[in-house]
Amino acid sequence: MANIKSAKKRIKVITRKTLNNKVVKSSTKTAMKKVVVAVNAGDKTASQAALLNAVKCIDKAASKGIYHKNNAAHKKSRLTKMVNSLG
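Mind the numbering: the sequence shown is residues 4 to 90 in our numbering, read in order.
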C-alpha cells in the first residue's frame with residue numbers, strides 16, 4: 004500500500020478511471036453483439052441500425068483512448084463486412 008499522499012490519490016483516480024473504461028468497453032461490446040445477432044438472424048434493416056449504433060460506440064471509445072484507433076477501425080470494418088454480406 005502506498006504511503007505518500009499523491010500515490011494514494013493516484014490509486015483512487017486509477018480505480019475510478021478503470022471503472023469508467025470498463026463501462027464504456029462493456030456497452031461497446033454489447034452494441035457489437037447486437038450487430039452479430041441481427042446478422043445471424045438475417046434481418047438486414049435491424050443489422051444496419053445496430054451497425055450505426057455500434058460504430059458510434061466504437062468511435063467514442065477510440066476518442067477516449069479506450070481502444071487504439073487501428074483496433075477501432077478493425078472492429079468497424081469487420082462489423083461492416085458482416086452487414087454487407089447479407090446483400
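Built from N, CA and C at the ideal position, the CB exists for glycine as well.
Problem set entry | Rounded C-alpha distance that separates I69 from A49 | Taking the first residue of the sequence shown as 1, we reach residue 69 at position 66. Taking the first residue of the sequence shown as 1, we reach residue 49 at position 46. About 27 Å.
Exercise. Excluding sequence positions up to five away, which residues of its chain have a Cβ less than 6 Å from the Cβ of A64?
Worked result: As a first step, residue 64 must be located in the sequence shown, where it is residue number 61. Cβ neighbours of A64 beyond the five flanking positions: V27, T31, Y70.
Exercise. Looking only at its own chain, which residues have a Cβ that is under 6 Å from the Cβ of A41, when we skip the five neighbours before and after it?
Worked result: As a working note, residue 41 is residue 38 in the sequence shown. So the qualifying residues of the chain are A49, S50, A53.
For this session: Say yes only if the C-beta of K25 is nearer than 7 Å to one or more non-hydrogen atoms of the ligand NAP, and no if none qualify.
Result: No copy of the ligand NAP appears in this structure; indeed no ligand is present at all.
Exercise. Are the CB atoms of M85 and V38 nearer to each other than 8 Å?
Worked result: The count along the sequence shown starts at 1 and reaches residue 85 at position 82. The count along the sequence shown starts at 1 and reaches residue 38 at position 35. Yes; because the gap between Cβ atoms is below 8 Å, this pair is in contact.
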